[in-house]
Every structure is written in structure tokens, then in C-alpha cells.
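Enquirer: Here the sequence shown is numbered in my numbering, starting from 1193 and rising by one per residue. Backbone N, C-alpha and C fix where the C-beta goes; we use that ideal spot for every residue, glycine too.
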Amino acid sequence: MFERPIWWDGDDVVVIDQTRLPHQATTVRWRTLEDAATGIADMQVRGAPLIGVAAAHGMALALAADPDAVAASADRLVATRPTAVNLRWALDRVRAEVADLPVDARGAAARRLAEQMADDDVRACRSIGEAGLDLIEAHHQRTGRPVQVMTHCNAGWLACVEWGTATAPVYLAHQAGIPVHVWVSETRPRNQGASLTAWELGHRGVPHTVVVDNAAGHLLRTGAVDLVVVGADRVAANGDVANKVGTYLKALAARDCGIGFHGAAPTSTYDAACPDGDAIPIEERDPDEVLTFGGTRVAPEGSPARNWGFDVTPARLVDSYLTDRGALTADELPAAMQATPEPA
Ligand code: MRU
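#1: Specify whether the region 1338 to 1358 and the region 1292 to 1302 touch according to this definition: at least 3 beta carbon pairs, one from each stretch, less than 8 Å apart.
#2: Taking the beta carbon of Gln-1384 as the centre, do at least 16 other beta carbons fall within 10 Å, making it buried, or is it exposed?
#3: For Met-1193, does the three-state DSSP call read helix, strand or coil?
#4: Straight-line CA distance for Ala-1408 to Val-1417?
#5: Any heavy atom of the ligand MRU inside 7 Å of the beta-carbon of Val-1341?
#6: Is the separation between the beta-carbon of Ala-1323 and that of Ala-1519 shorter than 8 Å?
#7: Per DSSP, Asn-1499 is paired with what?
#8: Based on the DSSP secondary-structure assignment, which residues constitute the bridge partners of His-1400?
#9: Of all the beta strand (DSSP E) runs that stay within the bounds of the region 1194 to 1269, which reach a length of 3 or more residues?
#10: Go ahead and label Pro-1473 buried or exposed: buried means 16 or more other beta carbons lie within 10 angstroms of its beta carbon, across all protein chains shown.
#11: At a cut-off of 7 Å, is Asn-1383 close to the ligand MRU when judged by its beta-carbon and the heavy atoms of the ligand?
#12: Do the region 1447 to 1467 and the region 1416 to 1433 meet, that is, are 3 or more Cβ pairs less than 8 Å apart?
#13: Could you give the DSSP three-state label for Ala-1323: helix, strand or coil?
#14: Any chance the CB of Arg-1238 is under 7 Å from a heavy atom of the ligand MRU?
#15: Our contact map puts Val-1402 next to His-1366 with C-beta atoms below 8 Å; I'd like the distance itself, whole angstroms only.
#16: If we require 4 or more residues per run, which alpha helix (DSSP H) segments fall completely within the region 1345 to 1370?
#17: So, for Asp-1326: in the same chain, excluding its five sequence neighbours on each side, which residues have a beta-carbon less than 8 Å away from its beta-carbon?
#18: To the nearest angstrom, report how far apart Arg-1223 and Val-1205 are at their CA atoms.
#19: By the 10 Å Cβ neighbour count, where 16 or more other Cβ atoms means buried, how is Gln-1349 classified, buried or exposed?
#20: According to the Cβ coordinates, are Asp-1267 and Val-1295 closer than 8 Å?
#21: Measure the alpha-carbon distance for Gly-1415 versus Lys-1442 and round it to whole angstroms.
#22: Determine the closest residue to Ala-1446 out of Leu-1269, Leu-1213, Ala-1428 and Thr-1505, with distance taken between C-alpha atoms.
#23: Please report the straight-line C-alpha distance between Asp-1511 and Gly-1487, rounded to a whole angstrom.
#24: Quick check on the DSSP output: what are the complete beta strand (DSSP E) runs of length 3 or more inside the region 1401 to 1476, in order along the chain?
#25: Give me the DSSP bridge partner(s) of Ala-1519.
#26: Give me the Cβ distance between Ala-1424 and Gly-1455, rounded to the nearest whole Å; I'm assuming they're in contact under 8 Å.
#27: Taking only the alpha-carbon atoms, compute the straight-line gap between Pro-1492 and Val-1482 and give it to the nearest angstrom.
#28: By the DSSP assignment, the beta strand (DSSP E) with Val-1286 in it spans what residues?
#29: What number of angstroms, rounded off, separates the C-alpha of Trp-1391 from the C-alpha of Gln-1210?
#30: Are at least three pairs of beta-carbons, each pair with one atom in the region 1329 to 1336 and one in the region 1433 to 1440, less than 8 Å apart?
#31: Among Ala-1271, Leu-1279, Trp-1281 and Glu-1307, whose alpha-carbon lies nearest the alpha-carbon of Asp-1201?
#32: How would you call Ser-1387, buried or exposed, if buried means at least 16 neighbouring beta carbons within 10 angstroms?
#33: Measure the C-alpha to C-alpha separation of Arg-1426 and Thr-1461 and round it to an integer number of angstroms.
#34: If you draw a straight line from the C-alpha of Arg-1280 to the C-alpha of Ala-1263, how long is it?
#35: Where DSSP assigns a beta bridge to Val-1482, which residues make up the other side?
#36: Assuming Glu-1524 and Pro-1274 form a contact by the criterion Cβ under 8 Å, report the distance between their Cβ atoms to the nearest whole angstrom.
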């Protein structure tokens, strides 16, 4: 099976085509900037950290073909998905890396940086896992039974490069022999929970159960959940979290039921320039994703739909941020996220 969702094969970038999972585990080859841009927009790859890493790979493809097209290539890629700030973060890094280089060195330099970003993401996600493992362990020690984790969408290794963000503590706990079970909400309309999270948990032998999104309140209220861990597409400077639409409702229900709600994200998802959640652009996708299910129309012809991909959970509902710099409170985020990282 696959070890990562993106890699190089010669001069091509190969990605797992996540639009085909769970039925087909197939790959797609990106040879051009346009392949990468449409692959990100059409969600062959998705998930904030992977979108960033994939965009850097797209820049490497673009600059290998036309090393003068730095700004135009970055503009094309940044327009693909507006909410995940990792996209802009990655593109800014590639632009800075190649800015002072002679044209003939730009493609190779962008590729080196893209590969390094992928490796860095693995380390960051492992650190996120370590930051969240204590939470899971503490629940197990207190109750002596399998720890019940609720998540949303797919913030697993398919959304990153390895480990995932929200799933990293789960995978580490599973490896350490701590019994853990994950409540996976299907995540309409694209079903990343049912199609992707369930697929990757199943492949790693982690017990899990798929539920409809609207079952979350019932599960939280009836004591079926010990903690909620979700990923993030952008964390604003004040700690507000943009994540897959439906996250806010889970956070509200978790608070009402006195259950811990935790946002897991690497430094690349923190946007110091974004003061709060109201300043985060929320992607709106094709209404057909809502109007159809598995290719079949579920709403009457003529009924319109709106399709917001994300919502914002205010910082007051987030009990902790599981980051590559430890488990933090909203007050601790700005200093910790902007501190110079320790050398690897
Ligand atoms: O639309 P998607 O599938 O890209 O949305 C993904 C999410 O909302 C994830 O929770 C988020 O990107 C974090 S991924 C580690």
C-alpha cells in the first residue's frame, strides 16, 4: 500500500487520487502546473497540509518548464482553494527560495524545497501526535476502557504526508497499545470522513465507526465520546479555527456536554496576519455537490443549494491546540507559533 499521498517519479509528481477512494486506490501523474492546479481544485489531493506540500510540488513542475513564471505560477495555484492557509504559506516559501537564483537553478531549488516540506510535515505531524497522546492516555487511565475519540472530515495522513494532524495522537496511542476507538462523521457533501478517514483507520487496524454528521450531538450528549479532535485549515491569530463545515456544531455540542474539544494543526496552518475567524475566506464550492449524492440528484430539479466548505469555531470553544510546538492555549498560540523553531 502507499506510504505517502505524494511523491516524485522521475520528473513527474505522483499523487493518490483521493476522489477514487475508498473503492479504488489509484494514482494520478502531474506533469505540468495545470495538472497540479486542477488536481488541487478538484480535490485529487486535499487537506490543508497536503494542499501546501502539493502546491510546492506544482511550483517545481512549473519552474522546470518555465523558470521565469514564478509569480504567474504562484497566482494560478493560490487561486485553487482559498481557506487553507498552508497553500499561501508554501507558495511564499518557494517564491522566497528562488527569488535570487539564476533562472536555470529555480526548478531544482523548488523541487528540493517541496521535498523538504514533505519531510518537515511528517516531523510536524508526529510532534502533534505527541502533544495529543497525553490526552488519550489520561482518559484511558481514568476510565480503564477504550478511549472514544470523535473527529470530523479527514485530518489523517491522506490530508498531510504521514500521521495526519487529528489522527496523529490516535495512531500513536494505537501503536502504544492504548485501546482507542474513533467516531468518524461522514462529512457531507464530499464524505471525506466516510471515504478517507474510515479507509485509512481501517488500513491501520484502528477501531472506528462511521456515523452521519447529525449523530454527533446524540453521541456527545449520551456519553459516547471522551474527546473531540479535529484538524484546521487556518488558525487565526486569536485562535479561531476554520475547519470543514460542521466543525462548529461539534464544538458547540462538546462544550454543552462538558467534553474537551481540541484543534490539531502544524505551524504552517497558523495565520498571524489574520486577526480572527471573520477574516478567514470561506471556500464555497459547486452546489451540485450538495444537490447530488453518489451522482444521483437528491433535491428537486430547480431547488438551489449553497455549499460552504468550511466554518469557523471561535477560540472560546477550543480547549487546546495540539501543535508541533506542544499543546497550547489560545493565549499561548501567537508567541509559540512565531518563535524560531529548534533546528531539526
Ligand atoms: O475540503 P478538504 O477535504 O480539503 O477539507 C479538509 C479539512 O477540513 C481538514 O480537517 C483540514 O484540512 C485539516 S487536514 C490535516
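Expert: Quick look at the numbers:
#1: no
#2: buried
#3: coil
#4: 9 Å
#5: no
#6: yes
#7: Per DSSP, none; premise fails for Asn-1499.
#8: Val-1374
#9: 1198 to 1201, 1204 to 1208 and 1219 to 1222
#10: exposed
#11: no
#12: yes
#13: helix
#14: yes
#15: Contact doesn't hold; Cβ gap of about 18 Å is too wide.
#16: 1360 to 1367
#17: Ala-1519
#18: 7 Å
#19: According to the sequence as given, residue 1349 is Trp; it is not Gln. Classification of Trp-1349: buried, given that the 10 Å Cβ count is 16 or more.
#20: no
#21: 14 Å
#22: Thr-1505
#23: 39 Å
#24: 1419 to 1422, 1426 to 1428, 1433 to 1436 and 1452 to 1456
#25: Leu-1514
#26: 5 Å
#27: 12 Å
#28: Segment 1277 to 1290 is the alpha helix (DSSP H) holding Val-1286; no beta strand (DSSP E) there.
#29: 11 Å
#30: no
#31: Glu-1307
#32: buried
#33: 5 Å
#34: 12 Å
#35: Answer is none; Val-1482 lacks a bridge partner.
#36: The pair is not a contact, with the Cβ atoms about 28 Å apart (cut-off 8 Å).
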